[in-house]
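*Asks:* The structure under discussion is supplied below as structure tokens; questions concerning it will follow.
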Amino acid sequence: PDDDDLGMDTGAVVVWERSATSEAFGSVTPYSFRVGSPQGGEELGYGGAFVSGNGLVLAVGAHGHDNGGLDTGVVYVWIRTTTGTRFDAVGNPTALEDVSPAQNDQVGIGGVALTYDGLILATGSPGDDEKGSEAGAILVWSRANAAASFSSSTVEKVLDPNGAGGYSLGYGGVSLSSDGLVLAAGAGGSNNLKGSVLIWTRSDTSVGFGTVTPLSLTDPAGASGDSLGSSGVALSSDGSMAAAGVPTSDVDGADSGAVAVFQ
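Written out as structure tokens, the structure reads:
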């Protein structure tokens, strides 16, 4: 994220690809690439780089991107038709933004989630103010098939129906099950700063996550300031298990941290 080749802190992506699973990553020469016309301070890759399970889609957030205000954020997506094509050879990436970007939304700061087939992409917008100042939101894009572009899809904004200012939903990133039926995100500022994990489960990918009431998971032994979920949530492939960090838990000493597992 602090790569300066195209301007101060514009960021870059570095890719290692093996020709076979028997090949060691240490023997692979990586290639790096950057967005063609970035703005200084975009910090591409701050929340990590994410590849779909089939290896055809690469998505990277740049939360410092400015569009109509400072740090509105953007997600850049590269799509290839075969793993034999390098991502830096597919041309300019697709830029995904909120339809109404606002200052300090910081879209993509916690990274990006992709389904196995790369047809569904989700990311956090923790500075979104629709439910209150920095209540946060989740943005979801869906493609009908591999030939379609994310740019032709309409972004769905998913909110916590009980959200409020300072919850910062999605700050640490989001997670999707492989089939795209389960979405999870943390809201570290909720529950009197104890934090919580929200889980949306739908019956079919044609059902919008925003139409589903999320399940709010909390740590029954949590304390104010624990910030459960502030560093993100992980889901198992089938969405039956969720794990989240509790970075400032004091169970084993001041700010020693903990991990909460729900299944």
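Counting in the numbering used here, the sequence shown runs from 67 upward without gaps. Note that the Cβ used here is the ideal one computed from N, Cα and C, for glycine as well.
1. Should F91 go down as buried or exposed, given a rule of 16 or more other Cβ atoms within 10 Å for buried?
2. Output yes or no for whether 8 Å exceeds the beta carbon distance between V117 and I145.
3. What first and last residue would you give for the beta strand (DSSP E) that runs through L281?
4. Since G106 and T76 are thought to touch, with beta carbons under 8 Å apart, how far apart are those beta carbons, to the nearest angstrom?
5. Assuming contact is defined by CB atoms lying nearer than 8 Å, are G288 and T314 in contact in what I supplied?
6. Are the CB atoms of V41 and T138 nearer to each other than 8 Å?
7. Quick one: grab the DSSP three-state call for A179.
8. Assuming D245 and T181 form a contact by the criterion Cβ under 8 Å, report the distance between their Cβ atoms to the nearest whole angstrom.
9. What would DSSP say about S262, mapped onto helix, strand or coil?
10. Give a yes or no on whether the C-beta atoms belonging to V126 and V156 are separated by under 8 Å.
11. Pull up the DSSP beta-bridge partners for W207, would you.
*Replies:* In terms of the structure at hand:
1. exposed
2. no
3. Where L281 is concerned, the enclosing beta strand (DSSP E) stretches over 281-283.
4. 6 Å
5. no
6. The requested residue 41 is not part of the displayed model; the chain covers only 67 to 329.
7. strand
8. 7 Å
9. strand
10. no
11. L187.
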